Amino acid sequence: MVQPVQITVLVKQLDPNAENSPTFKSTYLTCVAVMNLFYYTSFFFVTATSLDRFLAVRLHLRYQELVTHKCVVAAVISIWFFGALLSLTGVLLRAREDRYVVYVTVEMSCLITAALLYYNIYLAVRRHTKQIHTLQIQREATNSEMANAARLRKSAIGTFYEYLVFLLCYLPQNDIYFATFIYEWSTALNVLLHYSLTVAFLNSSLNPLIYCWNMTDIRHAVIDILQKILPSQN
110 MVQPVQITVL
120 VKQLDPNAEN
130 SPTFKSTYLT
140 CVAVMNLFYY
150 TSFFFVTATS
160 LDRFLAVRLH
170 LRYQELVTHK
180 CVVAAVISIW
190 FFGALLSLTG
200 VLLRAREDRY
210 VVYVTVEMSC
220 LITAALLYYN
230 IYLAVRRHTK
240 QIHTLQIQRE
250 ATNSEMANAA
260 RLRKSAIGTF
270 YEYLVFLLCY
280 LPQNDIYFAT
290 FIYEWSTALN
300 VLLHYSLTVA
310 FLNSSLNPLI
320 YCWNMTDIRH
330 AVIDILQKIL
340 PSQN
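Sequential numbering of the sequence shown, starting at 110, is according to my numbering.
So this is what it looks like as structure tokens:
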């Protein structure tokens with residue numbers, strides 16, 4: 110959704126008098142608003158996913174009791190609400206430096222929180238693995254306990270892959286944008302920034318592939334949806 114708007118802005122910039130055009134200004138502000146909205150919500154959702162997997166591994170049997178459908182719906186609505194609020198703030202802040210400060214603050218807070226959560230997930234999974242190994246030796250472990258632990262471990266690894274791909278897609282754009290504040294704005298940096306933005310936009314297309322590759326339930330659900338949408342062939 111963001112890439113077409115970005116392309117529209119780039120095409121309009123080819124006009125030498127674009128900055129004086131009201132149409133260009135409205136298109137540019139729309140691009141900033143939409144870009145910020147999906148940027149912020151992406152960071153929030155990556156953090157929320159890592160928190161969800163942390164609770165699943167940490168709470169274990171109590172997870173279904175505390176993480177209910179209503180809680181998930183409320184969390185999703187809250188993420189979109191705060192994302193829209195921060196996006197509006199980014200539009201109102203005219204200075205590029207101010208927008209960058211807000212963006213970096215949200216970005217670093219979310220990425221550091223997610224990293225800490227995944228580190229704790231790693232420690233919890235390692236502890237569970239040792240416990241299951243001990244129970245196996247004592248012949249007290251059931252097949253259901255082993256299967257559930259394996260499922261949680263695989264799910265946590267899947268979301269961790271999503272986190273790594275997210276870092277690879279978003280950090281180059283942030284580094285190049287930061288370089289524009291240290292060095293003078295140049296044509297080379299401008300070109301690199303646009304390429305890095307495209308890589309960041311690509312992340313949304315990569316996430317479904319990661320989920321389908323690593324999570325069996327989501328893969329089966331996607332296959333069922335595609336079978337209903339696509340006409341069956343004899």
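Ideal Cβ positions, reconstructed from N, Cα and C, are used throughout, including at glycine. These numbers come from a predicted model, not from an experiment.
Check: Sequence-distant residues of the same chain with beta carbon closer than 7 Å to Ala157, five excluded per side; Outcome: Ala184 and Ile188
Check: Extent of the continuous alpha helix (DSSP H) to which Ala162 belongs; Outcome: Looking at the sequence shown, residue 162 is not Ala but Arg. Pro131 to Leu168 is the span of the alpha helix (DSSP H), which, as asked, contains Arg162.
Check: First and last residue of the uninterrupted alpha helix (DSSP H) at Glu174; Outcome: Tyr172 to Leu175
Check: Residues near Ser305 in its chain [Cβ-Cβ closer than 7 Å; skip 5 each side]; Outcome: Pro281, Gln282 and Ile285
Check: Reference Leu276; option with closest CA among Ile266, Leu225, Leu220 and Phe147; Outcome: Leu220
Check: Environment of Ala297 [buried if 16+ CB atoms lie within 10 Å]; Outcome: exposed
Check: Burial state of Glu271 (16 or more Cβ within 10 Å); Outcome: buried
Check: Under the three-state DSSP convention, the category Leu202 falls into; Outcome: coil
Check: Given 8 Å, three or more beta-carbon pairs between the stretch 200 to 218 and the stretch 141 to 152; Outcome: yes
Check: Buried versus exposed call for Asn126 [16 or more other C-beta atoms within 10 Å across all chains shown]; Outcome: exposed
Check: Option in Tyr209, His169, Leu202 and Ile116 with minimal Cα separation from Phe287; Outcome: Tyr209
Check: Neighbour-count burial assignment, Asn316, 16 or more Cβ in a 10 Å radius; Outcome: buried
Check: Exposure of Arg171, with buried meaning 16 or more beta-carbon neighbours within 10 Å; Outcome: exposed
Check: Alpha helix (DSSP H) segment containing Asn323, residue limits; Outcome: Thr296 to Asn323
Check: Beta-carbon gap between Arg162 and Ala309 smaller than 9 Å; Outcome: no
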